[in-house]
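Peer 1: Numbers 29 to 273, taken from the working numbering, label the letters of the sequence shown in order.
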Amino acid sequence: MHTIALISRKGGTGKSTLAIGLACAAMQAGHKVCLLEADPLGTVSNWRRRRTVAEPTVETILDGYLLFNRVQALAQSGVTVTIIDTAGGWSDVSRAAIAAADFCLMPARPSPADIEAAAPTLAAVRENAKPFAFALNQVQARSARLNGAAGSLGERAVALKMGDVLALPAIVLRNDQQDALGVGLGVTEFAPRGKSAEEIRGLWQWVWARLNGVSQPEAEAPPRRPATARAAVPVADAPAALPAG
Ligand SMILES: Nc1ncnc2c1ncn2[C@@H]1O[C@H](COP(=O)(O)OP(=O)(O)O)[C@@H](O)[C@H]1O
Ligand SMILES: [Mg+2]
Numbered sequence: 029m030h031t032i033a034l035i036s037r038k039g040g041t042g043k044s045t046l047a048i049g050l051a052c053a054a055m056q057a058g059h060k061v062c063l064l065e066a067d068p069l070g071t072v073s074n075w076r077r078r079r080t081v082a083e084p085t086v087e088t089i090l091d092g093y094l095l096f097n098r099v100q101a102l103a104q105s106g107v108t109v110t111i112i113d114t115a116g117g118w119s120d121v122s123r124a125a126i127a128a129a130d131f132c133l134m135p136a137r138p139s140p141a142d143i144e145a146a147a148p149t150l151a152a153v154r155e156n157a158k159p160f161a162f163a164l165n166q167v168q169a170r171s172a173r174l175n176g177a178a179g180s181l182g183e184r185a186v187a188l189k190m191g192d193v194l195a196l197p198a199i200v201l202r203n204d205q206q207d208a209l210g211v212g213l214g215v216t217e218f219a220p221r222g223k224s225a226e227e228i229r230g231l232w233q234w235v236w237a238r239l240n241g242v243s244q245p246e247a248e249a250p251p252r253r254p255a256t257a258r259a260a261v262p263v264a265d266a267p268a269a270l271p272a273g
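Here it is as structure tokens:
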């Protein structure tokens, strides 16, 4: 079983939205998924109440010790992917979520306040020596060229050897993300052919590849081109997609 914790001390970065979106994308990719809600705010359980489909299963656990033990038990129960949605701020439960996870995904909006606020979260993840990546969320559609493995962000991340710590694609701010949650669906169920669904599926594939030890810089790096030629390369000239999850 693989366990992914969505972590950020700052509220509103998209932990619950991405936890739900990724859980549904993983389920559609054939996994048996459990969503563990470790946040008394109840975003995931409220979403579950609006949902008519039984899977993914949702459990709310607000105690760090119980959360850690539950993840160990799920590993024996046939669940193949567990996704933990955590609260903003910092608590024993967040600590337990990091300890129980194989991988920590840290959503951040592309704003100075969010990037600065990510530092203490990163320190906590590093203290536990956990593999991690940032996921840019609520990116303005205007800067959608950020969005996509072939976009400048992907290439720069690879050039800066950040390919393993910046999950791609970035997730754009769109109504679909909010509307899906409002009717108890994942965005890949709500509008399967929409751009948000495509992004979330891409993010799941990125995380899945990472969980399976695929090194992102090698998997994602486009072929080297002279600087002048690169400027003329269309965005559609994308590197091969990562393996499906
Ligand atoms: N990509 C997105 N597009 C549109 N709205 C989003 C997106 N990501 C999050 N939101 C909205 O932003 C708010 C905060 O997101 P949420 O997932 O609850 O954050 P967190 O769990 O980190 O507090 C919610 O209203 C959610 O619907
Ligand atoms: Mg939340």
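Just so you know, even glycine gets a beta-carbon here, dropped at the ideal spot from N, CA and C.
Tell me which same chain residues have a C-beta within less than 7 Å of the C-beta of leucine 231, skipping the five on either side of it?
Peer 2: Leu50, Ala163, Ala195, Pro197 and Ile199
Peer 1: Taking 8 Å as the cut-off, decide whether the C-beta atoms of threonine 149 and isoleucine 48 are in contact.
Peer 2: no
Peer 1: So asparagine 97 is in the alpha helix (DSSP H); what residue range does that whole segment cover?
Peer 2: 92–103
Peer 1: Express the C-alpha separation of lysine 223 and tryptophan 118 in angstroms, rounding to a whole number.
Peer 2: Roughly 33 Å between the two C-alpha positions.
Peer 1: Any chance the CB of leucine 69 is under 7 Å from a heavy atom of ligand 2?
Peer 2: yes
Peer 1: Cβ of arginine 32 versus every heavy atom of ligand 1: is any distance shorter than 7 Å?
Peer 2: For clarity, residue 32 is isoleucine in the given sequence; the question names arginine instead. No, ligand 1 has no heavy atom inside 7 Å of this Cβ.
Peer 1: Check whether the stretch 92–99 touches the stretch 107–127, counting contact only when three or more Cβ pairs, one atom from each stretch, lie closer than 8 Å.
Peer 2: yes
Peer 1: For arginine 202, count neighbouring Cβ atoms within 10 angstroms of its own Cβ and tell me buried if that reaches 16, exposed if not.
Peer 2: buried
Peer 1: What are the partner residues of threonine 110, as DSSP defines its beta bridges?
Peer 2: Thr31 and Cys62
Peer 1: One question on the structure: do proline 138 and leucine 46 come within less than 8 Å of each other, judged by their Cβ atoms?
Peer 2: no
Peer 1: Quick one: give me the first and last residue of the alpha helix (DSSP H) that alanine 146 is part of.
Peer 2: 140–155
Peer 1: At a cut-off of 7 Å, would you count valine 200 as near ligand 1, judging by its Cβ distance to the nearest heavy atom?
Peer 2: yes
Peer 1: Give me the Cα-Cα distance between glutamine 104 and alanine 141, rounded to the nearest whole angstrom.
Peer 2: 40 Å
Peer 1: Is the Cβ-Cβ distance between glycine 39 and glycine 116 less than 8 Å?
Peer 2: yes
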